[in-house]
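Student: Following this message is one structure expressed as C-alpha cells.
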Ligand code: ADP
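Numbering (UniProt numbering), first residue to last: 2 to 320.
Spelled out as C-alpha cells, the structure:
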C-alpha cells in the first residue's frame, strides 16, 4: 500500500487531531503517503483532498476539535454520491481510507468497503456509544469537562440549598452521565437505558428532602425530558429552589486529556498497521487495555454495546 486518506466525520470530539496525527506520522514512517480530506464525507465528495506532511500535524496533539473539519452530509447515503467520492480518491491513487467518527460515519465507511474501497474506522465521539471498544476517543475528556461543571454546581447549590439538574450529552448512551454521576457524587442518575418515570423521580427527591436533604444533584442524559420543566415540577413539590443546567456543546470542546491523546495515538498507529497487513473494513477498539479490531459491518449490525450495570448500581449505592 502506497497512499492512504484520512478524514474526520460526524460530531467532533477532543482527540480526533491526535488520531489523525498518529495516522499521518505512522504512515510516513512506513513509507506511505497520506492525504487529508477536509470536512468529512462532504469534502470527500467535493474532492477537497490535500497531501499531508509530518509538519502539517505539528502542534496538533493538544488541540481540541478537528483541524480537518467535520460535517454532516446525509447525501452520503446515496450510492451515486459515494461513487463520486471513491472516484475522487482513485484519481489520486489513494488505496484506502481511515475514518475517525461515530456510528453514522462507520456506516459510510462500511458502505464504501462493500463497494470495494477499503476503509478502517476509528471510534471518535464523546458519547462512548460504539460497539467493539470499551472507550471512544473524546469520552474521557468530555467526562472531565462534565465533572468540572458538576463540581462548580455543587459549590453553589450547597451554599444556596438548591437542587441542580445537569443535562449531559450521550444521545442513546448513558455512559457519560453514569461516570460523571459517580465522579461528581450525584444523588440521582437518569439514563436512557433505564427508562424514565417522572413521578417516581420526584417522589424520591421529595422523600429525601423530607428526611433533611438540603441540596441535590440530578445527572440526566439529553433527550430524556425537558429539564427546565422538570426543575419547575421539583421546585413546586419540594419548595427548594431548583435549577437546570444544560452543558451542551461545552462538552465537545477543549484540549484532550492524557488518556484520549494516548489512546487516539495508539489507535491511529494501529489503523495504519492494519492497512499494511492488508486488513480492510475493520473498526479499531480498545478492550481490556488491548487494541482490538472487528469487522465494521458486524460491529454496526450485530454487536451490542454491553450495558455497564455495575457502574449503574454503584451510582445508586453511593448516592
Ligand atoms: P456520527 O459519525 O458522529 O455518528 P452522523 O450520524 O451525523 O455522526 O454521521 C456522520 C456522517 O456519516 C453523516 O453526515 C453522513 O455523511 C455519513 N452517514 C451516516 N449514516 C450513513 C449511512 N447510513 N450511509 C452512508 N453514510 C452515512
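All residues carry an ideal CB built from backbone N, CA and C; glycine is no exception.
1) Give me whichever residues DSSP pairs with residue 288 in a beta bridge.
2) Quick one: grab the DSSP three-state call for residue 77.
3) Since residue 199 and residue 217 are thought to touch, with beta carbons under 8 Å apart, how far apart are those beta carbons, to the nearest angstrom?
4) Of the residues 213, 251, 195, which one's Cα is nearest the Cα of residue 313?
5) Could you tell me the alpha carbon to alpha carbon distance between residue 50 and residue 70, rounded to whole angstroms?
6) Does residue 215 come out as helix, strand or coil in the three-state DSSP assignment?
7) Could you please go through the chain and list the residues whose beta-carbon is closer than 6 Å to any non-hydrogen atom of ligand 1?
8) What is the DSSP secondary structure of residue 67, reduced to helix, strand or coil?
9) In whole angstroms, what is the alpha-carbon distance linking residue 30 and residue 232?
10) Cutting at 8 Å between CB atoms, please list the residues of its own chain near residue 86, excluding the five before and the five after it.
11) Could you give the DSSP three-state label for residue 124: helix, strand or coil?
12) When the Cα of residue 302 is compared with those of 234, 316, 111, which residue comes out closest?
13) In angstroms, rounded to a whole number, what distance separates the CA positions of residue 107 and residue 208?
14) So, helix, strand or coil for residue 163, using DSSP?
15) Give the single residue among 121, 34, 136, 3 whose Cα lies nearest to the Cα of residue 262.
16) Alpha carbon to alpha carbon, how far is residue 311 from residue 178?
17) Which complete beta strand (DSSP E) runs does the stretch 98-152 hold, if anything under 3 residues is left out?
18) Please report the Cβ distance between residue 4 and residue 95, rounded to the nearest whole angstrom; I am assuming they are in contact, meaning their Cβ atoms lie under 8 Å.
19) Apart from the five residues just before and just after residue 68, which ones in its own chain have a Cβ nearer than 7 Å to its Cβ?
20) So the candidates are 205, 142, 90, 293; which of them puts its Cα closest to the Cα of residue 317?
21) With a Cβ-Cβ cutoff of 9 Å, do residue 265 and residue 16 count as a contact?
22) Check whether the Cβ atoms of residue 125 and residue 101 lie closer than 9 Å to each other.
23) Three or more beta-carbon pairs under 8 Å between the stretch 164-182 and the stretch 286-301, yes or no?
24) Which class does residue 296 belong to by DSSP, given the choice of helix, strand or coil?
25) Looking at the structure shown, is residue 267 part of a helix, part of a strand, or coil, going by DSSP?
26) With respect to the beta strand (DSSP E) encompassing residue 19, which residues constitute its N-terminal and C-terminal limits?
27) How is the beta strand (DSSP E) around residue 37 delimited, first residue to last?
28) Out of curiosity, what's the CA-to-CA distance linking residue 56 and residue 22?
29) How would you label residue 257, buried or exposed, when you count the other beta carbons within 10 angstroms and need 16 or more for buried?
30) Determine whether the beta carbon atoms of residue 7 and residue 37 lie at a separation below 9 Å.
31) Taking 9 Å as the threshold (C-beta atoms), are residue 121 and residue 281 in contact?
32) In the structure shown, what three-state DSSP assignment does residue 244 receive?
33) Only counting the same chain, and skipping five residues up and downstream in sequence, which positions put a Cβ closer than 6 Å to that of residue 247?
34) When DSSP labels each residue in this structure, what does residue 50 get in the three-state scheme?
Tutor: To lay it out plainly:
1) 291
2) helix
3) Not a contact, Cβ separation roughly 16 Å.
4) 195
5) 12 Å
6) coil
7) 10, 11, 12, 42, 73, 74, 75, 77, 78, 102, 103, 104, 105, 106, 108, 109, 112, 126
8) coil
9) 55 Å
10) 42, 45, 46, 77, 113
11) strand
12) 111
13) 45 Å
14) coil
15) 136
16) 14 Å
17) 120-124
18) 5 Å
19) 18, 61
20) 205
21) yes
22) yes
23) no
24) strand
25) helix
26) Segment 17-30 is the alpha helix (DSSP H) holding residue 19; no beta strand (DSSP E) there.
27) 34-38
28) 10 Å
29) buried
30) yes
31) yes
32) strand
33) 168
34) strand
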